[in-house]
Amino acid sequence: MNYEELYDWQERGSAHYYYNTDTGKIVGSVSKLMSNEIWIGVVHTGTYTFTLDDERHLGQYIDKVFAKDAVEHFWAVQNRTLIGG
(Lines of atoms letter the chains of each structure in order from A and count residues from 1; the text may use other names and numbers.)
(Lines give C-alpha, C1' and ligand atoms only; values in the text may rest on other atoms or scores of the structure.)
Protein backbone atom coordinates (compact mmCIF):
# COMPACT_ATOMS: atom_id res chain seq x y z
CA MET A 1 0.00 0.00 0.00
CA ASN A 2 1.25 3.44 -0.91
CA TYR A 3 1.66 5.84 2.05
CA GLU A 4 -0.36 8.55 0.24
CA GLU A 5 -3.41 6.30 0.51
CA LEU A 6 -3.14 6.35 4.31
CA TYR A 7 -3.63 10.11 4.72
CA ASP A 8 -6.09 12.79 3.70
CA TRP A 9 -6.95 16.42 4.49
CA GLN A 10 -10.10 17.71 6.13
CA GLU A 11 -11.03 21.32 6.82
CA ARG A 12 -12.51 22.11 10.22
CA GLY A 13 -13.19 25.75 10.99
CA SER A 14 -10.18 27.83 10.03
CA ALA A 15 -7.69 24.93 10.08
CA HIS A 16 -6.93 22.00 7.79
CA TYR A 17 -6.07 18.67 9.40
CA TYR A 18 -3.95 15.87 7.92
CA TYR A 19 -5.13 12.56 9.31
CA ASN A 20 -4.70 8.81 9.00
CA THR A 21 -7.69 7.49 7.06
CA ASP A 22 -7.59 4.12 8.85
CA THR A 23 -7.55 5.44 12.41
CA GLY A 24 -8.76 9.03 12.14
CA LYS A 25 -5.68 10.15 14.10
CA ILE A 26 -4.56 13.69 13.26
CA VAL A 27 -0.87 13.77 12.35
CA GLY A 28 -0.55 17.35 11.10
CA SER A 29 -2.33 20.62 10.60
CA VAL A 30 -2.09 23.96 8.87
CA SER A 31 -3.73 27.17 10.01
CA LYS A 32 -3.41 30.92 9.68
CA LEU A 33 -1.07 32.70 12.02
CA MET A 34 -3.39 34.91 14.11
CA SER A 35 -5.15 37.40 11.82
CA ASN A 36 -2.39 37.40 9.19
CA GLU A 37 -2.49 35.78 5.80
CA ILE A 38 0.54 33.71 6.82
CA TRP A 39 0.07 29.96 7.26
CA ILE A 40 1.88 27.68 9.70
CA GLY A 41 2.53 23.98 9.26
CA VAL A 42 2.62 21.66 12.28
CA VAL A 43 3.09 17.91 12.62
CA HIS A 44 1.93 15.98 15.66
CA THR A 45 4.60 13.54 16.81
CA GLY A 46 2.31 11.15 18.64
CA THR A 47 4.32 11.23 21.86
CA TYR A 48 1.47 12.83 23.84
CA THR A 49 3.56 14.12 26.70
CA PHE A 50 1.36 17.24 26.69
CA THR A 51 4.42 19.43 26.28
CA LEU A 52 5.81 21.36 23.33
CA ASP A 53 7.58 18.13 22.27
CA ASP A 54 4.22 16.82 21.02
CA GLU A 55 4.26 19.22 18.09
CA ARG A 56 6.89 20.07 15.54
CA HIS A 57 6.49 23.41 13.82
CA LEU A 58 7.64 23.17 10.22
CA GLY A 59 7.59 26.88 9.49
CA GLN A 60 5.59 29.84 8.26
CA TYR A 61 4.36 29.80 4.68
CA ILE A 62 3.07 32.44 2.30
CA ASP A 63 0.23 30.18 1.14
CA LYS A 64 -1.86 27.29 2.46
CA VAL A 65 -0.63 25.05 -0.37
CA PHE A 66 3.00 25.39 0.69
CA ALA A 67 2.12 24.67 4.32
CA LYS A 68 0.16 21.55 3.34
CA ASP A 69 3.03 20.39 1.11
CA ALA A 70 5.44 20.72 4.05
CA VAL A 71 3.25 18.52 6.27
CA GLU A 72 2.83 15.92 3.51
CA HIS A 73 6.56 15.93 2.80
CA PHE A 74 7.41 15.42 6.48
CA TRP A 75 5.23 12.30 6.69
CA ALA A 76 6.39 11.00 3.30
CA VAL A 77 9.99 11.08 4.55
CA GLN A 78 9.03 9.55 7.91
CA ASN A 79 7.11 6.72 6.24
CA ARG A 80 9.94 5.94 3.83
CA THR A 81 12.34 5.89 6.78
CA LEU A 82 10.09 3.64 8.89
CA ILE A 83 9.35 1.25 6.02
CA GLY A 84 12.96 1.16 4.93
CA GLY A 85 12.29 2.02 1.32
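Count the sequence shown with this note's numbering and you get residues 92 to 176, in order. Every residue, glycine too, gets a C-beta built ideally from N, C-alpha and C. Computed from a prediction, not measured in an experiment: that's the story for all the values here.
- Cβ-Cβ distances below 6 Å link alanine 106 to Ser120, Ser122 in the same chain, with the five nearest sequence neighbours on each side left out; the list follows chain order.
- In this structure, the alpha-carbon of asparagine 170 lies about 12 Å from that of valine 118.
- In summary, isoleucine 131 is buried, with 16 or more beta-carbon neighbours lying within 10 Å of its beta-carbon over all protein chains present.
- Tyrosine 109 and lysine 116 do not touch by the CB rule: their CB atoms are close to 10 Å apart, not below 8 Å.
- Nearest Cα to glutamine 101 within the set Gln151, Lys159, Ile153: Lys159.
- In the structure shown, asparagine 127 falls within a coil segment according to DSSP collapsed to helix, strand and coil.
- In the three-state DSSP reduction, aspartate 160 falls in the helix class (H, G or I).
- Shown here for lysine 155: same chain residues with a beta carbon closer than 8 Å to its own, the five before and five after excluded, namely His107, Val121, Trp130 in chain order.
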